[in-house]
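Numbered per numbering that gives the first Met the number 0, the sequence shown spans residues 0 to 244. The beta carbon of each residue, even a glycine, is placed where N, CA and C say it ideally should be.
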Amino acid sequence: MVRIDKSKVGIPAILGEGGKGESATQELIQHYEAGKRDFKSTDFASEIYGHKTVKSLLMKVQSKKCCFCERKRPHAREGDVEHFRPKTGFRIKSKSALIKPGYYWLAYDFSNLFYACKVCNQEYKKNFFPIADETLRARSHQGNWMLEEALIIHLEFDNPADHIEFLAEVAKPKAGSFKGKNTIKLVGLNNSELLKERFTLFSVLKILAKEARQGNIEAKKYFKKISRKGHQFSLMVRCNFPDLV
Ligand SMILES: [Zn+2]
């Protein structure tokens with residue numbers, strides 16, 4: 000997991016002023032004001048928030064990597080546009096009841112959207128969204144979600160490297176970070192599939208690191224390259240080989 004910076008790319012036209020996202024948001028607000036609370040996923044237009052211009056911009060910003068597991072997913076069909084604050088409803092604990100409505104007014108808000116692989120988005124992240132103080136939770140478009148302190152890592156406002164570290168291929172909360180601990184569990188950062196993929200890379204790098212430390216220029220160059228943000232599992236590389244990156 001690495002920090003994502005959307006500040007330089009602007010907002011896709013479909014989600015900007017006068018775009019389809021704006022009118023769809025107004026419609027959701029009208030429904031809320033008319034008494035609707037039970038928003039379902041079918042109330043949200045994936046052809047708007049998941050429009051190809053939105054997805055491709057997110058993929059560009061994220062170097063075609065899943066925002067959670069850092070696996071490269073270079074083809075748009077391999078990933079989803081994920082809502083950081085869940086749109087239909089949220090759970091305070093991973094297995095507690097779904098509370099509705101969710102953050103319906105942020106369904107088409109670019110700042111709430113990220114590119115995630117299908118496994119992370121559909122099997123893990125789901126609707127779990129704990130915050131530090133429930134009395135500050137924004138329960139409608141009239142609330143201020145910026146007052147909330149999420150108890151999971153925000154991919155843009157937090158730096159994941161402050162909360163998660165890797166010992167070999169295993170993700171651990173850094174300095175006992177509660178956000179780190181929650182996030183590792185929430186997105187399944189240590190699921191067997193991911194552990195296996197990271198272990199494969201880590202095993203090769205361990206051998207290569209010996210070469211690099213003995214002065215092999217090509218090996219040294221390789222470490223510089225693969226520890227960059229755009230590379231798969233870059234946080235794992237940086238945590239395990241700090242002297243070479
Ligand atoms: Zn993923």
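Where residue i falls, given that 16 or more other Cβ within 10 Å makes a residue buried
| i | result |
| --- | --- |
| Phe-156 | exposed |
| Asp-37 | exposed |
| Gly-78 | buried |
| Phe-177 | exposed |
| Thr-134 | exposed |
| Arg-84 | buried |
| His-50 | buried |
| Leu-112 | buried |
| Asp-4 | exposed |
| Val-8 | exposed |
Where the beta strand (DSSP E) containing residue i begins and where it ends
| i | result |
| --- | --- |
| Glu-81 | 78-82 |
Of the listed residues the options, nearest to residue i (C-alpha basis)
| i | options | result |
| --- | --- | --- |
| Ile-152 | Phe-128, Gln-141 and Ser-139 | Phe-128 |
| Gly-15 | Ile-47, Cys-119 and Ile-216 | Ile-47 |
| Lys-92 | Pro-172, Thr-182, Tyr-107 and Ile-206 | Thr-182 |
| Cys-68 | His-30, Leu-185 and Lys-173 | Leu-185 |
| Arg-76 | Ile-3, Phe-43, Ile-206 and Met-58 | Met-58 |
| Pro-100 | Arg-90, Lys-209 and Gly-9 | Arg-90 |
| Ser-191 | Val-236, Val-118 and Phe-240 | Val-118 |
| Pro-86 | Asn-120, Gln-61 and Leu-105 | Note that residue 86 is Lys in the sequence shown here, rather than Pro. Of the candidates Asn-120, Gln-61 and Leu-105, the one whose C-alpha sits nearest the C-alpha of Lys-86 is Leu-105. |
| Ala-96 | Lys-125, Asp-108 and Met-0 | Lys-125 |
| Glu-0 | Phe-240, Asn-215, Lys-224 and Phe-165 | Checking the sequence, you will find Met at residue 0 rather than Glu. Nearest C-alpha to Met-0: Phe-165. |
Ligand 2 heavy atom lying under 6 Å from the CB of residue i
| i | result |
| --- | --- |
| Phe-232 | This structure lacks ligand 2; the ligands present are ligand 1. |
Span of the alpha helix (DSSP H) around residue i
| i | result |
| --- | --- |
| Glu-164 | Taken as a continuous stretch (DSSP letters only), Glu-164 belongs to no alpha helix (DSSP H), being part of the beta strand (DSSP E) at 163-166. |
| Val-169 | Not the alpha helix (DSSP H): Val-169 falls in the beta strand (DSSP E), residues 169-172. |
| Phe-201 | 191-212 |
| His-30 | 19-32 |
| Ser-233 | 233-239 |
| Glu-217 | 216-225 |
| Gly-187 | No alpha helix (DSSP H) contains Gly-187, which DSSP labels as neither H nor E. |
| Ile-10 | Run containing Ile-10: none; DSSP gives neither H nor E here. |
| Ser-45 | 45-48 |
Euclidean distance between Cα positions of residue i and residue j
| i | j | result |
| --- | --- | --- |
| Asp-246 | Glu-148 | Residue 246 falls outside the range modelled here, since the chain spans only 0 to 244, and no answer is possible. |
| Glu-262 | Gln-213 | The first residue shown for the chain is 0 and the last is 244, placing residue 262 beyond what the model contains. |
| Lys-56 | Gly-142 | Residue 56 is actually Leu in this sequence, not Lys. If I take the Cα positions, the gap works out to 29 Å. |
| Gly-187 | Gly-18 | 35 Å |
| Lys-64 | Lys-71 | 4 Å |
| Phe-198 | Asp-161 | 22 Å |
| Tyr-102 | Phe-222 | 41 Å |
| Glu-168 | Lys-39 | 38 Å |
| Arg-136 | Trp-144 | 7 Å |
| Ala-218 | Ser-202 | 14 Å |
| Ala-170 | Thr-52 | 33 Å |
| Leu-204 | Ile-13 | 43 Å |
| Ala-208 | Lys-195 | 20 Å |
| Asp-246 | Ala-33 | Because the chain in this structure spans residues 0 to 244, residue 246 falls outside the shown range and cannot be described. |
| Lys-35 | Ser-22 | 17 Å |
| Cys-238 | Ile-28 | 44 Å |
For residue i, three-class secondary structure by DSSP
| i | result |
| --- | --- |
| Ala-115 | strand |
| Lys-54 | helix |
| Ile-91 | coil |
| Lys-5 | coil |
| Ala-149 | strand |
| Ser-156 | Note that residue 156 is Phe in the sequence shown here, rather than Ser. It is coil, neither helix nor strand. |
Minimum Cβ-Cβ distance from residue i to chain C less than 7 Å
| i | result |
| --- | --- |
| Pro-73 | Among the protein chains of the structure shown there is no chain C, as only one such chain exists. |
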